[in-house]
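K.L.:
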Amino acid sequence: MQGRGWRGVAEVFGVFLRLGLTSFGGPVAHLGYFREEFVRRRGWLDERAYADLVALCQFLPGPASSQVGMAVGLYRAGLGGALAAWLGFTLPSAALLVLFALGVARLEALGSAGWLHGLKVVAVAVVAQAVWGMAQTLTPDRPRLTLAVAAAMLALLLPGSLVQVAIIAASGAAGVWLLRGPVSEGPASLPLQLGRRWGLLFLALFFALLLALPLLCQTPALALFDSFYRAGALVFGGGHVVLPLLQAEVVPPGWVDPQAFVAGYGAAQAVPGPLFTFAAYLGAVNRAGLAPLVGAAIALVGIFLPAFLLVAGTLPFWNRLRGHPGVQAALRGINAGVVGILLAALYTPVWTSAIGSGADFALALGCFTLLAHWKAPPWLVVLLAAGVGGVLG
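If you want our numbering, it's the position in the sequence shown, counting the first as 1, plus 2.
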């Protein structure tokens, strides 16, 4: 493992902080940014190892892109690296949403800003590059390409997070059935400092908190923590899927006013990083009697803690299982299914929410060319797209 000790943790934090400041476009786009940064630029993981992590995190409840980031940090610098990856990627958007909750900035009108539209357009280029690059590596033959296309068709015809989980499971089963063969591609070396005992401990803690917290809600702080922990532990699909669950947790009890909930959701579209940081805003505007910063911290830790426990709990076993021939066959199918799901996501919601004119398509083409052929840094392309969007807007 490269990057041991505090230097490794600091390196992970710095890289993820920059990603947290520039990664617009939602979880699918985040996976594209991560692939560009950690597979192509830095070489921390190879293409197959990264795809394996994405496949695993698609199975787990919680924010998939944040979980992939935690896994990368864990491999790079141990538990400290996982925490550094989460903090760096989460802090910028959480801070902006807390500021909005405190009334420091007037962000209500950002939904129509030209520069924000430019950020949506650049997400099309980022996702398109990720789909193109992953397809070349993970669907090199007709069976896997056909499986990816079938997964994309099903995801488009039957939208929904549970359908996506079913598609991934079916892709794995199809891989075991259709893609068995000699193990010609050994998994990349992914040295992990956590053993299986630590993995069992984290998994036990995940389930213990899920069962015990509802019985311990004797204070407003614990009740708030329980609501957000449950939301993070039970939502599949991440991203916008968590919003109905959060609304059910905080609005009916009277912790958050319905109008404040909607206003915060609008502001969450204008910030980079994971959408789950919307929890920081909800915690800051809580009516449970907690100070805004205290409520924000409780909500933020509560909603992301299940993701951390699940990643740290499953990776020690995953690292051993992924070398088994049967598991590798399933992974070939799962990776093809993930490519198909990303292809479907490229159309909706990424394309449909961003491309509305010839000018939008022209900007997306230019961004894709800069990323894929000129190898421009993603953060530079993001800033360029925002500037062009602002001028056009």
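No residue lacks a Cβ here, since even glycine has one placed at the ideal position from N, Cα and C. In this text, all values refer to a predicted model and were calculated from it rather than measured experimentally.
Nearest to alanine 233 by CA position, among Ala309, Arg20 and Leu33, is which residue?
P.N.:
One-based indexing of the sequence shown puts residue 233 at position 231. Ranking Ala309, Arg20 and Leu33 by Cα distance to alanine 233 puts Ala309 first.
K.L.:
Looking at C-alpha atoms only, which residue of Tyr52, Pro94, Leu158 and Ala97 is the closest neighbour of glycine 75?
P.N.:
Here residue 75 refers to the residue found at position 73 when the sequence shown is read from its first residue. Cα-wise, what sits closest to glycine 75 is Tyr52.
K.L.:
Could you tell me the alpha carbon to alpha carbon distance between alanine 127 and glycine 395, rounded to whole angstroms?
P.N.:
In the sequence shown, residue 127 corresponds to position 125, counting from 1. In the sequence shown, residue 395 corresponds to position 393, counting from 1. Their backbone Cα atoms lie some 19 Å apart in a straight line.
K.L.:
Taking only the alpha-carbon atoms, compute the straight-line gap between valine 329 and histidine 119 and give it to the nearest angstrom.
P.N.:
For the purposes of this step, residue 329 is taken as residue 327 along the sequence shown, with counting starting at 1. For the purposes of this step, residue 119 is taken as residue 117 along the sequence shown, with counting starting at 1. Rounded to whole angstroms, valine 329 to histidine 119 spans 42 Å at the Cα level.
K.L.:
Whole alpha helix (DSSP H) runs in the region 11-94 with 4 or more residues, listed along the chain?
P.N.:
List check, alpha helix (DSSP H) in window: 29-36 and 49-61.
K.L.:
Determine the extent of the alpha helix (DSSP H) in which serine 359 is found, giving its start and end residues.
P.N.:
Taking the first residue of the sequence shown as 1, we reach residue 359 at position 357. Run containing serine 359: none; DSSP gives neither H nor E here.
K.L.:
Whole angstroms are fine: how far does the CA of aspartate 143 sit from the CA of leucine 102?
P.N.:
To locate residue 102, count along the sequence shown from 1; it is residue 100. To locate residue 143, count along the sequence shown from 1; it is residue 141. Note that residue 102 is phenylalanine in the sequence shown here, rather than leucine. Using only the alpha carbons, I get a separation of about 49 Å.
K.L.:
Would you call the region 311-321 and the region 271-283 touching, i.e. three or more CB-CB distances under 8 Å?
P.N.:
Contact between the region 311-321 and the region 271-283 is absent, because fewer than three Cβ pairs lie under 8 Å.
K.L.:
Can you give me the Cβ contacts of serine 186 inside the same chain, cut-off strictly under 6 Å, excluding the 5 residues immediately before and after it?
P.N.:
What you label residue 186 is simply residue 184 of the sequence shown in a count that begins at 1. Below a pLDDT of 50, predicted positions are generally treated as unreliable, and serine 186, at 48, falls in that range; the measurement from the model is reported next regardless. Nothing meets the Cβ criterion.
K.L.:
Return helix, strand or coil for aspartate 228, following the three-state DSSP convention.
P.N.:
Position 226 of the sequence shown, counted from the start, is the residue given in the question as residue 228. Residue state, collapsed to three classes: helix.
K.L.:
Near valine 151, what residues of its chain come up, given a Cβ to Cβ distance below 7 Å and the 5 sequence neighbours on each side ignored?
P.N.:
Working through the sequence shown from its first residue, we reach residue 151 at position 149. Closer than 7 Å at the Cβ level, and outside the excluded window around valine 151, lie Gly342.
K.L.:
In the DSSP assignment, the alpha helix (DSSP H) including tyrosine 283 goes from what residue to what residue?
P.N.:
Within the sequence shown, the letter at position 281 stands for residue 283. Here the alpha helix (DSSP H) through tyrosine 283 covers 280-286.
K.L.:
Any beta carbon from chain B within less than 8 Å of isoleucine 170's own beta carbon?
P.N.:
The chain inventory of the structure shown lacks chain B, comprising one protein chain alone.
K.L.:
Within a Cβ cutoff of 8 Å, which residues of the same chain sit near leucine 389, ignoring the five residues on either side of it in sequence?
P.N.:
If you number the sequence shown from 1, residue 389 lands on position 387. Note on residue identity: the sequence assigns glycine, not leucine, to residue 389. Cβ within range, chain order: Trp117 and Gly120.
K.L.:
For glycine 325, does the three-state DSSP call read helix, strand or coil?
P.N.:
For the purposes of this step, residue 325 is taken as residue 323 along the sequence shown, with counting starting at 1. In this structure, glycine 325 counts as coil in the three-state DSSP scheme.
K.L.:
Give the C-beta separation of valine 129 and alanine 347 to the nearest angstrom, bearing in mind that I take them to be a contact with Cβ-Cβ under 8 Å.
P.N.:
Stepping through the sequence shown from its first residue, residue 129 is reached at position 127. Stepping through the sequence shown from its first residue, residue 347 is reached at position 345. That pair is a contact at about 7 Å.
K.L.:
For isoleucine 305, tell me which candidate among Pro63, Ala137 and Ala125 has the shortest Cα-Cα distance.
P.N.:
Here the question's residue 305 lines up with position 303 in the sequence shown. Residue Pro63 is the option with its Cα nearest to isoleucine 305.
K.L.:
Between which two residues does the alpha helix (DSSP H) containing leucine 205 stretch?
P.N.:
In the sequence shown, counting from the first residue as 1, residue 205 sits at position 203. It spans 198-214 - the alpha helix (DSSP H) in which leucine 205 sits, taken as one unbroken run.
K.L.:
How many angstroms separate the CA atom of glutamine 261 from the CA atom of threonine 354?
P.N.:
Taking the first residue of the sequence shown as position 1, residue 261 is located at position 259. Taking the first residue of the sequence shown as position 1, residue 354 is located at position 352. Those two C-alpha atoms are separated by around 27 Å.
K.L.:
Could you tell me how far apart the beta carbons of valine 340 and valine 56 are, in whole angstroms, since I believe they sit closer than 8 Å?
P.N.:
Locating residue 340 in the sequence shown gives position 338, where the first residue counts as 1. Locating residue 56 in the sequence shown gives position 54, where the first residue counts as 1. That belief holds up - the Cβ atoms of valine 340 and valine 56 are roughly 6 Å apart, short of 8 Å.
K.L.:
Between Val178, Leu98, Gly391 and Ile170, which has its C-alpha nearest proline 327's C-alpha?
P.N.:
Position 325 of the sequence shown holds residue 327. Cα-wise, what sits closest to proline 327 is Val178.
K.L.:
If we count the other Cβ atoms within 10 Å of its Cβ and call it buried at 16 or more, is aspartate 362 buried or exposed?
P.N.:
Position 360 of the sequence shown, counting from 1, holds the residue named residue 362. So aspartate 362 counts as buried.
K.L.:
Quick one: what's got a C-beta closer than 6 Å to leucine 156's C-beta in the same chain, skipping five residues either side?
P.N.:
The sequence position of residue 156 within the sequence shown is 154, counting from 1. So the list reads Ile169, once near-sequence residues are dropped.
K.L.:
Specify the secondary structure class of proline 379 as computed by DSSP and reduced to three states.
P.N.:
Sequence index remark: in the sequence shown, residue 379 carries index 377 (1-based). It is coil, neither helix nor strand.
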